[in-house]
Amino acid sequence: MSRQYTVAVVGATGAVGVEMIKVLERRNFPVGKLVLLASARSAGKTLPFKGELVTVEELTEDSFVGVDIALFSAGSGISRKFAPLAVKSGAVVVDNSSEFRMDPDVPLVVPEINGADVKLHKGILANPNCTTAITLMALNPLHQAFGVKRVIASSYQAVSGTGAQAIAELRSQVEAIAGGRPAEKSVYPHQIAFNVLPHIDSFLNNGYTKEEMKMQNEARRILHLPDFKASVTCVRVPVYRAHSIAVTAEFDRPVSVDEARKVLASAPGLELVDDPAKNSYPLPLYVAEKDDCQVGRIRIDCAFENGLAFWVAGDQLLKGAALNAVQIAELI
Ligand code: NAP
Ligand code: 3JN
């Protein structure tokens, strides 16, 4: 019998954690034992896995005894404290937070792009930011063909990117407004229903947000391109699930729409959905719950030299988080 692993999911009750459990089951990951960890608030709750109910335990310093692989998605603070403890206990950690993404000792991996980097790990591997991962699924094949120089992009990010409470906030605001009641807000600084917020994560001194700078910083590591430049505006939209990104990329070499389509059509983990005459282009509503990202609206950019504009969408809970993390675990 092939080896079975004890796998822990940290943040098991969250928007990402729940998807991790489903992805482990769906991809038939060799899980001998599943350990579900969350805060004390969730201890005793049960979640389904392979036809059985697994009880959630409170995360403590002793949680990782006997754990082979720990998938973390409970935010940076939890990763900072508990990922090194998990490694000390003998586990390999795949972390979804930004805590270790820029650490040179921690590979930052999208398996379809730089899967070979996993072998450089010293116990912790990092999953990129979801908007970055989805953008690079389309940008990297184009980069391999034409050599990317720089990018200008705007994101349209679903509320599930903020977590379970934000999904509930959009739902309750929509219901309140439809019922003629005032919309109450607690997660976002403004009403999200019937609105768009050009504000994701905290603002930095340069005027960008942290979320916006992740694209440039993380892409440099994933693409192994230290001079890559990206100017990004991240926007929260009242969509439940799946992020979309409008990208203009400038390349070293001339590009054509036909060549770009050919390259994108054969890229792993990516589906070409690009027939504007038939109103066919990627939409968050239809890419939600799919493993593959989708790319379309491919056109020669009319402002940049050797420029191409395109639209890419993907389920950020899957390729942007749970699926990518399990793919990394499969590689190790
Ligand atoms: P979420 O829905 O708010 O879930 C947070 C999870 O963390 C819950 O399971 C929560 O447990 C757990 N947690 C919170 N405080 C804890 C504590 N003190 N001890 C143990 N567990 C604790 O958030 P999410 O959307 O799943 O995102 C989680 C993290 O994944 C983010 O912070 C981010 O770093 C990363 N990420 C998210 C996305 C995305 O699209 N959502 C994409 C990429 C990366 P309780 O239920 O017990 O509170
Ligand atoms: O807001 C989104 O759509 C994605 C959110 C990602 C996120 C949320 C809280 C903390 C991150 C992330 O993965 O970059 C973090 C983090 O910095 O760890």
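361 is the number that my numbering gives to position 5 of the sequence shown; each next residue is one higher, with no gaps. No residue lacks a Cβ here, since even glycine has one placed at the ideal position from N, Cα and C.
When the Cα atoms are used, R506 and E661 turn out to be separated by approximately 11 Å. DSSP places T488 in the helix class (H, G or I) of the three-state scheme. According to the DSSP assignment, D451 belongs to the beta strand (DSSP E) that extends over V448 to D451. Taken in chain order, the complete alpha helix (DSSP H) segments of 4 residues or longer contained in the segment 480-534 are 486-502 and 520-534. With a threshold of 16 other beta carbon atoms within 10 Å, P497 meets it and is buried.
Rounded to whole angstroms, Q650 and L581 show a C-alpha spacing of 24 Å. Taking 9 Å as the cut-off, the beta carbon of P554 is found closer than this to the beta carbon of C590. In the three-state scheme derived from DSSP, where H, G and I count as helix and E and B as strand, V591 is classed as strand. DSSP places E615 outside any beta strand (DSSP E); the residue lies instead in the alpha helix (DSSP H), whose first and last residues are V613 to A621.
Around the C-beta of G652, 16 or more other C-beta atoms lie within 10 Å, and the residue is accordingly described as buried. Excluding sequence positions up to five before and after G519, its CB lies within less than 7 Å of the CB of G370 and A371, all in the same chain and listed in chain order. Secondary structure within the segment 549-598: the alpha helix (DSSP H) runs of 4 or more consecutive residues, fully enclosed, are 566-578 (chain order). For secondary structure counted as the beta strand (DSSP E) over 3 or more consecutive residues, the segment 377-430 holds these complete runs in sequence order: 387-394, 402-405, 408-414 and 425-428.
The straight-line gap separating the alpha-carbon atoms of A681 and G536 is approximately 42 Å. Checking the DSSP bridge columns, you'll see G652 partnered with W667. Annotation for V643: the continuous alpha helix (DSSP H) segment containing it runs P640 to V643. In the DSSP annotation of this structure, the continuous segment of the beta strand (DSSP E) that includes A364 starts and ends at Y361 to V366. According to the DSSP assignment, L626 belongs to no alpha helix (DSSP H) but to the beta strand (DSSP E) extending over L626 to L628. Going by beta carbons, F405 and V387 fall inside the 9 Å limit. Under a 10 Å Cβ-count criterion, A396 is classified as exposed, with fewer than 16 other Cβ atoms of the shown protein chains found around its own Cβ.
Judged by pairs of C-beta atoms under 8 Å, the segment 597-614 touches the segment 484-499, as three or more such pairs exist.
Counting along the chain, R436 sits inside the alpha helix (DSSP H) bounded by residues S432 to K444.
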